[in-house]
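Asker: Under mature numbering (1 follows the signal peptide of the UniProt record, and there is no 0), residues -30 to -1, 1 to 387 are what the sequence shown spells out, in order.
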Amino acid sequence: MYQAKRLEDNMMKRKASALLAGALGVTLLAAGCSSSAKPSAAGNGSTAASGPFKLGLMVPLTGSLAQPGGWIEDGVKYGVKQVNAAGGIDHQKVQLVTVDTGGDPTQSVSVANKLISQDHVQFIIGPITTDAMNAVLPIEQHAGLATIGVVGSPKLTPKAMPYGFSMLLNAGDQAQAMVQYATKHHYKTVAILHDNGEQGLAADQALNAQAKKAGLTVTGDQQYSVGSTDDSAQVLSLKQSHPQAVLLFPTTGTDVGYVLKAMKNVGWTIPVIGGYGAHYADQIAAVSGQGSMSNVVATAYAPFGACPGKPAPAATQKFITGIKAFNPGEFKGLALDLAAASADSVHIIQQGVHGAGTASGAKFATWMETHATSISGLVNPSVSASSSSHFLFGPSDMVLVHPGKQVSSGVFERADC
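1) Suppose the cutoff is 6 Å on Cβ atoms and the five residues either side in sequence are ignored; what does the same chain contact list for Thr117 look like?
2) Leaving out five residues on either side along the sequence, give the residues of the same chain with a beta carbon under 8 Å from the beta carbon of Ser34.
3) If you draw a straight line from the alpha carbon of Ala36 to that of Ala342, how long is it in whole angstroms?
4) Kindly confirm or deny that the region 317 to 332 and the region 290 to 308 touch, where touching means at least three C-beta pairs closer than 8 Å.
5) Can you list the alpha helix (DSSP H) stretches of 4 or more residues lying completely in the region 169 to 245, in chain order?
6) Within the continuous alpha helix (DSSP H) that includes Tyr48, where are the two ends?
7) Bridge partners for Phe93 per DSSP, in chain order?
8) Just curious, the alpha helix (DSSP H) that Ala82 is in, first and last residue?
9) With 16 other CB atoms within 10 Å as the buried threshold, where does Pro108 fall?
10) Return the first residue and the last residue of the alpha helix (DSSP H) that Asp252 is part of.
11) Measuring CA to CA, which of Ile98, Ala179, Pro132 is closest to His112?
12) Leaving out five residues on either side along the sequence, give the residues of the same chain with a beta carbon under 6 Å from the beta carbon of Asp252.
13) Could you tell me which of Gln321, Met368, Ser78 sits nearest to Gly245, measuring between CA atoms?
14) Let's test the definition: count the other Cβ atoms within 10 Å of the Cβ of Ser80 and tell me whether it reaches 16, buried, or not, exposed.
15) From Gln320, Ile345, Ala385, pick the residue whose C-alpha is nearest to that of Val50; which is it?
16) Let me know the secondary structure DSSP gives His372 once reduced to three states.
17) Would you list, in sequence order, the uninterrupted alpha helix (DSSP H) runs of no fewer than 4 residues that lie entirely inside the region 314 to 353?
18) Give me the Cβ distance between Val266 and Lys231, rounded to the nearest whole Å; I'm assuming they're in contact under 8 Å.
19) Less than 9 Å between the beta carbons of Ile254 and Val226, yes or no?
20) From Lys234 to Gly261, what distance separates their C-alpha atoms?
21) Where do the N-terminal and C-terminal ends of the beta strand (DSSP E) with Ile98 fall, by residue?
22) Go ahead and label Val347 buried or exposed: buried means 16 or more other beta carbons lie within 10 angstroms of its beta carbon, across all protein chains shown.
23) Compute the distance between the beta-carbons of Phe361 and Ala270, then report whether it is under 9 Å.
24) Check the C-beta distance from Ala285 over to Val377 and give it rounded, since I have them as a contact under 8 Å.
25) Which of helix, strand or coil does DSSP assign to Leu163?
26) In the DSSP assignment, find the beta strand (DSSP E) that holds Gly142 and state where it starts and stops.
27) Along the chain, where does the beta strand (DSSP E) containing Phe382 start, and where does it finish?
28) What separation, rounded to the nearest whole angstrom, lies between the Cα atoms of Asn140 and Phe301?
29) From the DSSP output, read off the bridge partner residues of Tyr271.
30) Gly96: buried (16+ other C-beta within 10 angstroms of its C-beta) or exposed?
31) Taking buried to mean at least 16 other C-beta atoms within 10 Å of its own C-beta, is Thr76 buried or exposed?
32) Would DSSP call Ala276 helix, strand or coil?
33) When you compare the CB positions of Gln180 and Val149, do they come within less than 9 Å of one another, or not?
34) Since Ile59 is in the beta strand (DSSP E), which residue starts that stretch and which ends it?
35) Can you tell me which of the three DSSP states Leu306 falls into?
36) Assign Ala272 to buried or exposed, taking buried as 16 or more other Cβ atoms, counted over all protein chains shown, within 10 Å of its Cβ.
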């Protein structure tokens, strides 16, 4: 399985991280009580005069979210390579400092403290769940640090994360696109199935609101635990409510695979309209088989959707060729659209810091809110962050695709072809 070697290699890292977290609690408490504690380089509005630009990366390299964590790590590493080849950030070479969150909010707090207080990073990418983001935001804001997370909850507004942005598609925008697809296909009744993470709960609210607005009847609403391998009870309950389609909002493709497996076991073959993650075809197929996706459509980043017989955008093709050459051993199974958004994030940091003249969280955020649309040279063609939304990529950057149909490597057939 993709990332198997990475997971094995990182088991020792996780143990070391647990020991470090305990030590950090004492160290940080002492620092917090001292009146002589110094602000971070980012917090005082300046980058280091010499030496590298330290970029922190918080992703799960162990646990149930290790695979998407690895995809993000690969994309960020490739983005760092590209940016360093172009001169770095603020005329400094980028040094990537990666920590393992284990997909756990408590561990995320520990490693965020390490990145800020010990590694003295000037910017952070991550974490990758809304639960973890909510846990680390107070620490990052206190340090005046700007961040780009991989989180989708529409509750993460500029007020909630004034110095924070997200590369992930907004769950609220996804909900709107999913319901629009349902109405376009003349469905009158739908059921909702979502995971129990903060993003999944927020998506559930958005799906219900969009369904009501569109005049759809929600016949049932169920949730499952992230990482669950048996969703039979939830699926059977929804089947008995007799919807015409299921609106599924997951975190991982593995979870989607178990949902589809449960649907097959009860003989239920209705259309599934999925949120981001329901297009992770390799993860899904590993659980429920390639043929299980025949009735599934899902949201994805627009550059990685194309119609049969038409090529993907030139920037997409260039990225795929480049990242395959950069890390050929881990190319197979890589979620290319997520890796591309991760690489784009490094370029966004480079252009944002240059534009703001500093890595200061407040000044970076102010510049992004007024100039994000000027950012160029990315795989995703537009950046839509503003004073009303800190999501880097908006509705125009999203399409629905058929995860079971690829028109080329990593590029899925669009559902609107």
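Even glycine gets a Cβ: it sits at the ideal position worked out from N, Cα and C.
Answerer: In this structure, then:
1) Ile94, Glu110, Gly134
2) Gly73, Val196, Gly197, Thr222, Thr224
3) 30 Å
4) no
5) 202 to 209, 223 to 235
6) 36 to 55
7) Leu25
8) 75 to 87 is the extent of the alpha helix (DSSP H) around Ala82.
9) Pro108 comes out exposed.
10) Per DSSP, Asp252 is one residue of the alpha helix (DSSP H) stretching across 251 to 258.
11) Pro132
12) Gly303
13) Relative to the Cα of Gly245, the nearest Cα in the group Gln321, Met368, Ser78 belongs to Met368.
14) With 16 or more other Cβ atoms within 10 Å, it is buried.
15) Gln320
16) strand
17) 331 to 341
18) Cβ-Cβ separation between Val266 and Lys231: approximately 13 Å, too far for a contact (criterion under 8 Å).
19) yes
20) 11 Å
21) Here Ile98 belongs to no beta strand (DSSP E), and DSSP marks it neither H nor E.
22) As written in the sequence, residue 347 is Gly, which differs from the Val given in the question. So Gly347 ends up on the exposed side.
23) No. Outside cutoff.
24) About 16 Å; that fails the 8 Å criterion.
25) Leu163: strand per DSSP, three-state reduction.
26) Careful: Gly142 lies outside any beta strand (DSSP E), inside the alpha helix (DSSP H) at 141 to 154.
27) 381 to 384
28) 26 Å
29) Met368
30) buried
31) Thr76 is exposed by the Cβ-count criterion.
32) strand
33) yes
34) Taken as a continuous stretch (DSSP letters only), Ile59 belongs to no beta strand (DSSP E), as it is neither H nor E.
35) helix
36) buried
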